[in-house]
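Numbering (my numbering), first residue to last: 4 to 196.
Scroll down for the structure; my scribbles are underneath it.
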C-alpha cells in the first residue's frame, strides 16, 4: 500500500480519530478491532492493511503526538544546557496533559506502553545531542552512553513527578537541571584529567 496515497492517508487518519474517540469512551484493554472498524466505518481488511493490531495503532498515535508537540528548539539543539533540559521536562509534562487530560483518556491500561515509548524517544533525542557534544568536547563515548541513560531517566522522572504530584513544578525542574548539569560537568572534567 502506498502510504503517500491521499486515500490511504485519509483512511489512517479516520482510524486514528476513531481510536482516540474509543479511548475516551472506554479502557484500551476493552477496545476490539471490531469497535475500531465500526467507529471508523471500515472493514477489518482495511484496518489490517494499515495496522497489524491495536498495539501498533497505539504506538503510532503516541509517536505522532510526540512528534507534533516536540518544540523546534529541542529538535535542533546541539548543546544539552539548562534551557534544553528545562524544555524537555516541560515538554513531557505538557505531553501528559495533552495526551491524557485534554483527550480524557484513561491511562490505566496504556501507561506502560506510553511510558516506554516516551522514554525511548527522549533517550534518542538526548543521545543525538550528546553525540554532537562527544565529538566537539572530546567526551568519552562510554561515558556518553551512561549519561544518556541517566539524563533521560532524570528528565522523564522529573516530568512525571511534576505531573502526578502537582507540587512546585518550577522548583523540581530547577533542581533537576542543576543535578544533570553537575553530572555532565563531572564527566567532562573526568575525561580531561
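Built from N, CA and C at the ideal position, the CB exists for glycine as well.
Nearest candidate by alpha-carbon position, reference residue 17, set 29, 41 and 35: The sequence position of residue 17 within the chain shown is 14, counting from 1. Distances from the CA of residue 17 to each of 29, 41 and 35 were compared; the closest alpha carbon is that of 41.
Straight-line gap, residue 156 to residue 31 (C-alpha atoms, nearest Å): One-based indexing of the chain shown puts residue 156 at position 153. One-based indexing of the chain shown puts residue 31 at position 28. Between residue 156 and residue 31, the C-alpha separation is close to 26 Å.
Contained alpha helix (DSSP H) runs [length at least 4] in the stretch 61-143, N- to C-terminal order: Counting only runs of 4 or more, we get 75-78, 85-99 and 114-140.
Between the CA atoms of residue 55 and residue 11 - distance to the nearest angstrom: By one-based count along the chain shown, residue 11 stands at place 8. By one-based count along the chain shown, residue 55 stands at place 52. It is roughly 15 Å from the alpha-carbon of residue 11 to the alpha-carbon of residue 55.
Collapsed DSSP secondary structure at residue 44 in the structure displayed: Locating residue 44 in the chain shown gives position 41, where the first residue counts as 1. Looking at residue 44 - three-state DSSP - the assignment turns out to be coil, as it is neither helix nor strand.
Three-way DSSP call (helix, strand, coil) for residue 34 in this model: Residue mapping note: residue 34 aligns to position 31 of the chain shown, counting from 1. Residue 34: coil per DSSP, three-state reduction.
Burial state of residue 183, where buried means 16 or more other Cβ atoms lie within 10 Å: Position 180 of the chain shown holds residue 183. With 16 or more other Cβ atoms within 10 Å, it is buried.
Residue 159 (DSSP reduced to helix, strand or coil): Stepping through the chain shown from its first residue, residue 159 is reached at position 156. Reduced to three states, the DSSP call for residue 159 is helix.
Unbroken alpha helix (DSSP H) run spanning residue 19, endpoints: In the chain shown, the residue the question calls residue 19 occupies position 16. Counting along the chain, the unbroken alpha helix (DSSP H) around residue 19 starts and ends at 9-28.
Inter-residue spacing [alpha-carbon to alpha-carbon] between residue 150 and residue 121: As a first step, residue 150 must be located in the chain shown, where it is residue number 147. As a first step, residue 121 must be located in the chain shown, where it is residue number 118. Going from the Cα of residue 150 to the Cα of residue 121 covers about 17 Å.
Cut-off 6 Å between Cβ atoms - residues of its own chain near residue 195, not counting five sequence neighbours on either side: Indexing the chain shown from 1 puts residue 195 at position 192. Since pLDDT at residue 195 reaches only 39, below the 50 mark, its modelled position is unreliable, and the value read off the structure follows with that caveat. Shown here for residue 195: not one same chain residue has a beta carbon closer than 6 Å to its own, the five before and five after excluded.
Candidates 58, 107, 93 and 153: closest to residue 115 by CA position: Here residue 115 corresponds to residue number 112 of the chain shown, with the count starting at 1. For the residues 58, 107, 93 and 153, the minimum Cα distance to residue 115 belongs to 58.
Residue 179 burial status per 10 Å Cβ neighbour count (16 or more: buried): Looking up residue 179 in the chain shown gives position 176. Around the beta-carbon of residue 179, 16 or more other beta-carbon atoms lie within 10 Å, marking it buried.
Collapsed DSSP secondary structure at residue 171 in the structure displayed: Working through the chain shown from its first residue, we reach residue 171 at position 168. If DSSP states are grouped into helix, strand and coil, residue 171 belongs with coil.
Spatial distance of residue 52 from residue 172 (CA atoms): Taking the first residue of the chain shown as 1, we reach residue 52 at position 49. Taking the first residue of the chain shown as 1, we reach residue 172 at position 169. Each residue's alpha carbon lies about 44 Å from the other.
CB of residue 80 within 7 Å of CB of residue 132, strictly: In the chain shown, counting from the first residue as 1, residue 80 sits at position 77. In the chain shown, counting from the first residue as 1, residue 132 sits at position 129. Yes, the Cβ-Cβ distance between residue 80 and residue 132 is below 7 Å.
Buried/exposed call for residue 167, threshold 16 Cβ in 10 Å: Here residue 167 refers to the residue found at position 164 of the chain shown. Taking all protein chains in view, the Cβ of residue 167 is surrounded by fewer than 16 other Cβ atoms within 10 Å, so the residue is classified as exposed.
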